[in-house]
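Visitor:
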Ligand code: EPZ
């Protein structure tokens with residue numbers, strides 16, 4: 141994959157003819173934190189079901205820069221050796237492009253007593269502040285100095301002190317960062333108003349398997365008893381199935397498939413999306429680790445009001461893909477994006493494709509459907525809107541060109557090969573031969 145790659149997609153013009161199976165990969169938003177958590181280990185660990193995506197490769201580069209040895213044993217399987225950890229400065233050019241690198245600050249500060257990192261890259265979906273991180277570290281006895289590049293944070297006497305921290309916003313990465321900081325802090329850390337995402341539970345259970353003492357996972361109050369470095373010898377963590385990828389493909393199936401089976405997923409992590417799609421009239425069958433969607437082709441879906449919300453509410457990462465579904469629903473739908481203030485920027489291109497959309501403010505929009513979409517040349521502004529554009533291009537008539545595919549490559553492994561296996565005409569044109 142290269143910079144400026146683009147997809148050429150021949151739309152189905154509203155037909156629901158795709159059919160086949162999609163196997164879900166490991167969750168980007170879990171494995172990035174499990175990788176960061178390797179800093180808490182004295183020896184080694186093995187990870188499987190690791191998605192081969194840009195963000196994982198960037199996190200691996202970041203960890204190598206800290207002195208951690210990372211070896212790919214085979215596709216989707218990695219071994220990490222952490223004895224050589226010897227650097228507390230995050231590589232600026234990598235961490236600026238990877239918002240998730242912020243979670244590395246917790247374990248690094250806890251283990252080495254110091255961390256240096258740049259202002260994290262904001263991205264198009266919103267400001268992405270880090271006030272919860274800075275105030276949390278101060279509560280744990282660290283001092284923060286700011287300079288033109290970013291931050292230097294030092295734990296007093298080289299060791300974080302356990303503390304009680306209340307998050308004024310439920311934050312996924314802040315919850316994960318302070319769970320990991322608490323693992324090596326002196327004494328007990330109590331985190332309140334924690335995020336409840338399943339990726340957090342999976343991370344915490346893995347750390348407990350290797351010697352951490354974390355209780356309250358999956359609830360809004362998490363307690364961590366500080367202790368020694370974790371031991372990963374002989375231990376293997378299988379990355380949790382990616383619920384956002386599974387949800388994206390479920391929406392694809394509802395819009396374009398005669399018969400789509402989604403395998404190796406966790407349906408219980410998609411309650412909100414399944415509830416909304418079922419209410420709109422989509423026929424969904426659910427198994428232990430699979431979801432099947434079937435269309436006869438003449439379905440009429442009803443319009444819905446959808447409000448994004450912290451887990452287990454409707455995930456903000458599925459808001460853009462779901463909006464594509466709502467362009468094909470009968471009536472007026474209303475979207476309220478409560479988490480980020482910049483996550484409706486994809487509507488302009490959707491309007492150019494023929495959708496009847498009206499953005500009311502930075503959090504709310506209206507969609508009138510159903511409207512046929514026509515193929516266009518469109519630029520993905522970010523990862524999840526990029527996937528939404530692929531969905532729009534598939535239901536549209538004629539041909540579409542989706543640019544900035546590198547954003548989509550950040551979160552979806554070999555997406556064009558997998559979609560082509562369902563019968564879709566999709567080609568990747570490399571940016572190198574523009
Ligand atoms: C995680 O981001 C995910 N990223 C995001 O997925 C996801 O959209 C988001 O959680 C919400 O579910 C990863 O896990 C790597 P937050 P995160 O902190 O943790 C505010 C994707 O496409 N906030 O839960 O950065 C913030 O502004 C990505 O895979 C503060 O106020 O999101 C937002 O309004 C996009 N101060 C709210 O909290 C802080 O210090 C929730 O954001 C931090 C956050």
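Numbering (the numbering used here), first residue to last: 141 to 574. The beta carbon of each residue, even a glycine, is placed where N, CA and C say it ideally should be. Model, not experiment: these values are computed from the prediction.
Give me the Cβ distance between residue 511 and residue 489, rounded to the nearest whole Å; I'm assuming they're in contact under 8 Å.
Guide: Walking along the chain shown from the start, residue 511 turns up at place 371. Walking along the chain shown from the start, residue 489 turns up at place 349. About 14 Å separates the two Cβ atoms, so there is no contact after all.
Visitor: Roughly how many angstroms lie between the CA atoms of residue 349 and residue 202, to the nearest whole one?
Guide: By one-based count along the chain shown, residue 349 stands at place 209. By one-based count along the chain shown, residue 202 stands at place 62. Approximately 25 Å, taken between the alpha carbons.
Visitor: Under three-state DSSP, which class holds residue 270?
Guide: Taking the chain shown and counting its residues from 1, the one referred to as residue 270 is at position 130. Three-state result, residue 270: coil.
Visitor: Whose C-alpha, out of 404, 438, 452, is nearest the C-alpha of residue 429?
Guide: Position 289 of the chain shown, counted from the first residue, corresponds to residue 429. Residue 429 has its Cα closest to that of 404, out of 404, 438, 452.
Visitor: Is residue 289 buried or exposed, if buried means 16 or more other CB atoms sit within 10 Å of its CB?
Guide: Translated into the one-based positions of the chain shown, residue 289 becomes position 149. The residue is exposed, with fewer than 16 neighbouring Cβ atoms inside 10 Å.
Visitor: Evaluate residue 436 with the Cβ neighbour count: other Cβ atoms within 10 Å of its Cβ, from every protein chain shown; 16 or more gives buried, anything less gives exposed.
Guide: Within the chain shown, the letter at position 296 stands for residue 436. Looking at its Cβ environment, which holds fewer than 16 other Cβ atoms inside 10 Å, residue 436 is exposed.
Visitor: Smallest Cα separation from residue 567: which of 530, 417, 550, 416?
Guide: Walking along the chain shown from the start, residue 567 turns up at place 427. The residue with the shortest Cα to Cα distance from residue 567 is 530.
Visitor: What's the C-alpha gap between residue 181 and residue 249?
Guide: In the chain shown, counting from the first residue as 1, residue 181 sits at position 41. In the chain shown, counting from the first residue as 1, residue 249 sits at position 109. Spanning the two alpha carbons is a distance of roughly 14 Å.
Visitor: Would you check whether the ligand EPZ has a heavy atom nearer than 6 Å to the C-beta of residue 414?
Guide: If you number the chain shown from 1, residue 414 lands on position 274. Outside the cutoff, so no.
Visitor: Taking only three categories from DSSP, how would you classify residue 465?
Guide: Working through the chain shown from its first residue, we reach residue 465 at position 325. In this structure, residue 465 counts as helix in the three-state DSSP scheme.
Visitor: To test your reading of the DSSP string, which unbroken alpha helix (DSSP H) runs of 4 or more residues are found completely within the region 362-402?
Guide: Entirely contained in the region 362-402, the alpha helix (DSSP H) runs reaching 4 residues are, in chain order, 383-396.
Visitor: Can you give the Cα-Cα distance for residue 155 and residue 388, rounded to whole angstroms?
Guide: What you label residue 155 is simply residue 15 of the chain shown in a count that begins at 1. What you label residue 388 is simply residue 248 of the chain shown in a count that begins at 1. Going by the C-alpha atoms only, they are around 18 Å apart.
Visitor: Is it true that the region 205-215 meets the region 396-415, where meeting means three or more beta-carbon pairs spaced less than 8 Å apart?
Guide: Judged by Cβ distances under 8 Å, the region 205-215 makes no contact with the region 396-415, as fewer than three pairs qualify.
Visitor: Per DSSP, which one or two residues make a beta bridge with residue 282?
Guide: For the purposes of this step, residue 282 is identified with residue 142 of the chain shown, where counting begins at 1. In the DSSP output, where bridge partners are listed per residue, residue 282 has 295.
Visitor: Pair every Cβ in the region 535-545 with every Cβ in the region 469-483, then say whether three or more of these pairs are closer than 8 Å.
Guide: Short answer: they don't touch.
Visitor: Considering just the uninterrupted stretch of the alpha helix (DSSP H) at residue 416, what are its terminal residues?
Guide: As a first step, residue 416 is located in the chain shown; it is residue number 276 there, counting from the start. Note, residue 416: alpha helix (DSSP H), 411-420.
Visitor: Measuring straight from C-alpha to C-alpha, what distance separates residue 361 and residue 331?
Guide: The residue labelled residue 361 in the question sits at position 221 within the chain shown. The residue labelled residue 331 in the question sits at position 191 within the chain shown. Answer to the nearest angstrom: the Cα atoms are 6 Å apart.
Visitor: Cα-Cα, which of 532, 293, 447, 440 is closest to residue 656?
Guide: Since the first residue of the chain shown is 141 and the last is 574, residue 656 is not available in this structure.
Visitor: Could you compute how far the alpha carbon of residue 198 sits from the alpha carbon of residue 275?
Guide: Here residue 198 is taken as the residue at index 58 of the chain shown, counted from 1. Here residue 275 is taken as the residue at index 135 of the chain shown, counted from 1. Rounded to whole angstroms, residue 198 to residue 275 spans 27 Å at the Cα level.
Visitor: Which residue comes first and which comes last in the alpha helix (DSSP H) that contains residue 559?
Guide: For the purposes of this step, residue 559 is identified with residue 419 of the chain shown, where counting begins at 1. Run containing residue 559: 555-560, per the alpha helix (DSSP H) assignment.
Visitor: According to DSSP, residue 217 sits in a beta bridge with which residue or residues?
Guide: Residue mapping note: residue 217 aligns to position 77 of the chain shown, counting from 1. Answer is 214.
Visitor: Assign residue 304 to buried or exposed, taking buried as 16 or more other Cβ atoms, counted over all protein chains shown, within 10 Å of its Cβ.
Guide: Position 164 of the chain shown holds residue 304. Label assigned to residue 304: exposed.
Visitor: Are the CB atoms of residue 166 and residue 315 within a distance shorter than 7 Å?
Guide: For the purposes of this step, residue 315 is identified with residue 175 of the chain shown, where counting begins at 1. For the purposes of this step, residue 166 is identified with residue 26 of the chain shown, where counting begins at 1. It is not a contact, given that the beta carbons lie outside the stated cut-off.
Visitor: Could you tell me how far apart the beta carbons of residue 460 and residue 528 are, in whole angstroms, since I believe they sit closer than 8 Å?
Guide: On the chain shown, residue 460 is found 320 positions in, with the first residue counted as 1. On the chain shown, residue 528 is found 388 positions in, with the first residue counted as 1. Indeed they touch by this definition, with Cβ atoms about 4 Å apart.
Visitor: On a CA-only basis, which of 439, 440, 443, 411 is nearest residue 450? Give me that one, please.
Guide: Residue numbering aside, residue 450 sits at position 310 when the chain shown is read from its first letter. Among 439, 440, 443, 411, the Cα nearest to that of residue 450 is on 411.
Visitor: What are the boundary residues of the alpha helix (DSSP H) that residue 319 is part of?
Guide: Here residue 319 refers to the residue found at position 179 when the chain shown is read from its first residue. Residue 319 -> alpha helix (DSSP H) spans 312-324.
Visitor: Buried or exposed, going by whether 16 or more other CB atoms sit within 10 Å of the CB of residue 624?
Guide: Since the first residue of the chain shown is 141 and the last is 574, residue 624 is not available in this structure.
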